[in-house]
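Just below is one structure, and these are the notes that go with it.
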Amino acid sequence: MSETMTSPAPLPAPAPDQDDPAVRAAQEGRLREAWKQPPGWRYLSAVNNTEIGVWYIATAFVFMMFAGVLALLVRVQLAVPGNDFLSAETYNQAFTLHGTAMMFLFAVPIFEAVAILILPSLLKARDLPFPRLSAFGYWCFLIGGVFVCGSIFFGVAPNGGWFMYPPLSTEQGGLGADIWLLGLSFIEVASIAAAVELIVGVLKCRPPGMHLNLTPLYGWYVLIVGVMILFAFPPLIAGDLLFEMERAFDWPFFNPDRGGDPLLWQHLFWIFGHPEVYIVFLPSIALLAMMVPTFARRPVAGYSWIVLSAVGTGFLSFGLWVHHMFTTGLPSISLGFFSAASAAVAIPTGIQIFVFIATLSLGRVVKSVPLLYAMGALAIFVAGGLTGVMVALVPFDFQAHDTYFVVAHLHYTLFGGMVFPLFAGIHYYYPLLGGNMLSRKLGIVSFWMMFTGFNVTFLPMHLTGLRGMPRRVFTYDPDLGWNALNLVSTVGAFLFAAGFLVFVWDVLRPKGEKDRAKRNPWDAGTVEWLQRMPPENWGARCVPRIESRNPLWEDPEFLRKYDEGRFYLPDAEDLKRETLITSVLDAEPIQCLRVSGPAWITLGAAFSLGGSFIFATFHWWTATILAALAALACILYWLWTGTAQHPERNERDIGLGTRVPLYVSGPKATGWWAMFITMTGDLTAFFGLVFGYFYYWTIAPVFPPPQIEGPGWGWPLAAAALFVLAWAATLAARETNARGRIGLARGALVVALGATVAGSAAILAGPWTHGMDPTVNVYPAIVWLLGIWTVIHAGAGVVMLGFCLAASLFGRMTPDYDADIRNVALYWHFMLLTAIVTALVTGGFPLIS
Amino acid sequence: MTETDTRSGETEEAVRDHETGIDLWRVVTAPTVWAAHFLVCYVGAAVVCAKTGRDAPLGAARDLVGWTTVVALALLAVQFWSLWRARGLSVSGGDLVFEHNSPEERHRFLCHVALMLTVLSVIGVLYVALPAFLLETCR
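If you're matching them up, the sequences are chains A and B in order. For the first sequence, this note's numbering puts the final residue at 1038, and the numbers step up evenly by one. For the second sequence, this note's numbering puts the final residue at 154, and the numbers step up evenly by one.
Shown next as structure tokens:
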């Protein structure tokens, strides 16, 4: 054990006297100091969830309003037949950007935004474990969003529809499709960052005593949605990669003349796209799950049924993607499977809705604006769900596909499942932001304007669609029977927009004395309402011990004990930002985690990574590489200076007679979980590419094509062997380091480095020495891409091994402080799997096919 | 409803170690079986139809779906039986509210969630198997 461990432990200090107001005031002063917002222009370097969450929400709403204006332009154009308000080209850009921005820049990010803001509050954690990662994700989102949206002002916005189907979008010139691809790939980075943060947040940052069965339902939903993001977004990243390789370098992944297939894009897009609908829907329903019990004045009826149906929905939502592709000519047996799963998903979705209705019927309902929005949401969502069952039936879908019926259906599900619950949530949680209430009167006015406006817009669209009006036409003839319906829809859209402006005004208007919120303004039972009004920046006065699901209802003394700091961590003795890490199932305290404070390095990392994506759009390859290197440098600096720092002592007294370590490594540590979660997502993207390889096998009469030489089996075999060696050496480094054999560990790291470089060369040597040209046919293209994917990951592996070596040489990594090598060894498990699968598929499969 | 009487009643709590009993992996086992069944059926049938042509009878695909369904249902039955047993072995409570503050209660709660997800997965598996027996060819 190290010297820090063997030095005599300081005598435990006597427990602070929480009865003494002076002691409490001093504690509060230190907490305020540790958690204070950076002043002035340094405000932009803030990383705390309260600041990032608010920026995130505000930015998502700005993008939403931008996309809403585009929708209004679309509606104006369609108001009367033969209109020339917008040109066909501008119309195409407007509807494409409307869909893109609403889905990628509003619907998904607003989930992350709201969750980053309120999840710590619901768990009474002072912050989530990776504040800088949240900040990094936010800046990525902002840069990518501005880039994508800004393109319309230069007339180069994407115009191929929000799902960018090839061959149209791979064949057309211009920058639109590239902006779409690269801008959104960059934003997907932000989503995966948020997923990591939120999953670890729910699993590891719950307050002591909050067993899984006592976790707020919002936490369950966030966990489920976080995991769904890990499996849904990466296939799209894989698809984006194929797409951009085709556009930039003419690798024919979607070109049938050279063995590709445009349908592969549809598969990869909708494997992402359908779960995404549920990724958007579940967190919003989660907001309802928090407020319905409050206004029913009773605990939610059937807590366990909500949890299990949310898990069930999460799974089943991955079996629905082909229902977007019913008219592409797939065999009817394939359609049958997806139609069946689409019908099955109605079961768990229905359970959730019925639980809310049951809770309201069993309770004594208190009327409020959030509940009004919630009821409106349920009504709209049920209508959207029913048309969903209609279009899940293949014969009906053949008729309705690509008509305004589908437009009506998707807007009903998204408004009922997401927009109205979100408004309800903002009304409900607004007091937590600044200690003010939103106006009841304005809330009711804006609700009825939006509810009416929504239905006036979209109810007639069902009929417009059934009368045959296709989506995405910029104008239509006057004698088709669509005129009146379209005019009504346009009027409704403006009514909705007016109602939304009332809502925006209510949020932004200056608040006076009469708007001040009292403590726990809705008389709720859950711990986020412990917050003082006006709120303090410290997240939690102390971390409470949880005994029930609704402590504020069950324990009349709870608020007083919390205010007097009679739970865990009532003080910031070292003036450092600290929060508690607990175990996954039963929330036993296992670590006092020091979280990082304000930093500029996250901005540097986000801007340089953003630069590399933006430069790639314009094919400025030198600038791209330089920006990527700058991003790498920023991230390394960030990791070295900001993560897993050595504490000045081993343990910390967190109160209530509990002492926990300040430093942990391996599966107990949040960093290990972050690596595990990130790499799970990464592996999913890799399997998206492998899926592509075998997809080409199913569609080709003979695959690999006999006239094209493969990479042979020798080089892939050598590569696999070298990667096994690198993996084994990494594990050896971890074990020898833990046993204090530091020299041996460093040697093992050097061996691993060498083997990785050699393995990377070997994996590329296969296609290189056999003269495979990736532009000739899809087969060499996919072989090269799998190899390149592996080499890029090996490159990351080299950086990590080098980091560990440097950390060992400079005393950052020691036998006791070994989080770095443990996380890197975890990475290498995934790296090995990637390398072996690549070798087997490219080298082995041609031998047996 | 049992909800109110367990709240007031002095339910005897079993002593269970922290972090033992049903965990999150057991909760997702049954839906994972559903997902695997779904993938095998879909990919298998798609490959059969891609390689034999659109007019070919479903024969091989139907056999594949049938046998995969048998295996999936058998796995789900094992899961159901083991969870049912774990549930019966718990000494505390008989309610479905799961609001007590103990590892045993968390264990019972996850047991119930996993059990009901098994039921949902069985329904899902049967739904997904149906098309193979209602259709005749790959068309």
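The beta-carbon is built from N, C-alpha and C at its ideal position, and this holds for glycine as well.
_Inter-stretch contact at 8 angstroms, needing at least 3 Cβ pairs: the stretch 438-446 of chain A / the stretch 394-410 of chain A_ = no
*Mind pulling the chain A residues with CB within less than 7 angstroms of B/V42?*
V500
*asked:* Taking DSSP's pairing of strands, which residues face A/N625 in a bridge?
replied: A/R705
*asked:* Just to confirm my understanding: we take A/D962, look at its own chain, exclude 5 residues before and 5 after, and list those with CB closer than 7 angstroms. What are they?
replied: P969
_A/F771 versus A/D763, A/L674, A/L782, residue with shortest Cα-Cα distance_ = Note that residue 771 of chain A corresponds to Thr in the displayed sequence, not to Phe. Per the Cα distances, A/L782.
*Select from the stretch 72-93 of chain B all residues with a C-beta closer than 8 angstroms to any C-beta belonging to chain A, and list them in chain order.*
L73, A76
*Measure the C-alpha to C-alpha separation of A/L1022 and A/D1009 and round it to an integer number of angstroms.*
20 angstroms
*At a CB-CB cut-off below 8 angstroms, which residues of chain B make contact with A/F523?*
The amino acid occupying residue 523 of chain A in the given sequence is Ser; Phe does not appear at that position. Chain B residues near A/S523: Y57, A60, A61, C64.
_Would you say B/G68 lies against chain A (beta-carbon separation less than 8 angstroms)?_
no
_Any C-beta of chain B within less than 8 angstroms: which residues of the stretch 532-543 of chain A qualify?_
A532, A533, I536, P537
_Could you check whether A/A314 and A/C394 sit closer than 8 angstroms to each other, using their CB atoms as the reference points?_
yes
*Applying the criterion that 16 or more other CB atoms from any shown protein chain within 10 Å of the CB defines a buried residue, is A/P228 buried or exposed?*
exposed
*Consult DSSP for A/T768 and reduce its assignment to one of helix, strand or coil.*
strand
*Quick one: what's got a C-beta closer than 8 angstroms to A/A572's C-beta in the same chain, skipping five residues either side?*
Y601, G605
_Inter-residue spacing [alpha-carbon to alpha-carbon] between A/I413 and A/V554_ = 29 angstroms
*May I have the straight-line CA-CA distance separating A/A788 from A/W328, to the nearest angstrom?*
13 angstroms
*Shortest alpha-carbon distance to A/C993 belongs to which of A/V972, A/T919, A/I971?*
A/T919
*Residues from the stretch 394-405 of chain A in contact with chain B, defined by Cβ distance under 7 angstroms*: G398, H400, L401, N402, L403
*Expected contact under 8 angstroms - CB spacing of A/E377 and A/I426 to nearest Å*: 6 angstroms
*asked:* If we define contact as Cβ-Cβ less than 8 angstroms, is B/G139 a contact residue for chain A?
replied: yes
_Under 8 angstroms, Cβ to Cβ, is there at least one residue of chain B near A/T715?_
no
_Can you give me the C-alpha to C-alpha distance between A/D1005 and A/A996, rounded to a whole angstrom?_
13 angstroms
*Alpha carbon of A/G617 to alpha carbon of A/D775, nearest angstrom*: The identity of residue 617 of chain A in the sequence shown is Tyr, whereas the question assumes Gly. Rounded to whole angstroms, A/Y617 to A/D775 spans 29 angstroms at the Cα level.
*Tell me whether A/I814 is buried or exposed, calling it buried when 16 or more other Cβ atoms sit within 10 Å of its Cβ.*
exposed
*Apply the 10 Å Cβ neighbour rule to A/L758 and answer buried if 16 or more other Cβ atoms are within range, or exposed otherwise.*
buried
*Going straight from the alpha carbon of A/L387 to that of A/G415, what length do you get?*
7 angstroms
*Answer with yes or no whether the minimum CB distance from A/P520 to chain B is below 8 angstroms.*
yes
*Going by DSSP, name the residue or residues bridged to A/G844.*
A/T847
*Between the stretch 454-461 of chain A and the stretch 470-479 of chain A, do three or more beta carbon pairs fall short of 8 angstroms?*
no
*asked:* Tell me which residue opens and which closes the beta strand (DSSP E) that A/I897 is part of.
replied: Run containing A/I897: none; DSSP gives neither H nor E here.
*In chain B, which residues lie with their C-beta within 7 angstroms of the C-beta of A/E736?*
N116
*Taking only runs that begin and end inside the stretch 721-796 of chain A, name each unbroken beta strand (DSSP E) of 3 or more residues, in chain order.*
767-771, 778-783
*Taking Cβ to Cβ, would you say A/A529 is nearer than 8 angstroms to B/V143?*
yes
*asked:* Can you check which of these residues, B/F113, B/H127, B/T84, is closest to B/V13 by C-alpha distance?
replied: The structure shown does not extend to residue 13 of chain B, since chain B spans only 16 to 154, so no value can be given for it.
*For A/P559, which of helix, strand or coil comes out of DSSP?*
helix
*In terms of DSSP beta bridges, what is B/T152 paired with?*
B/P72
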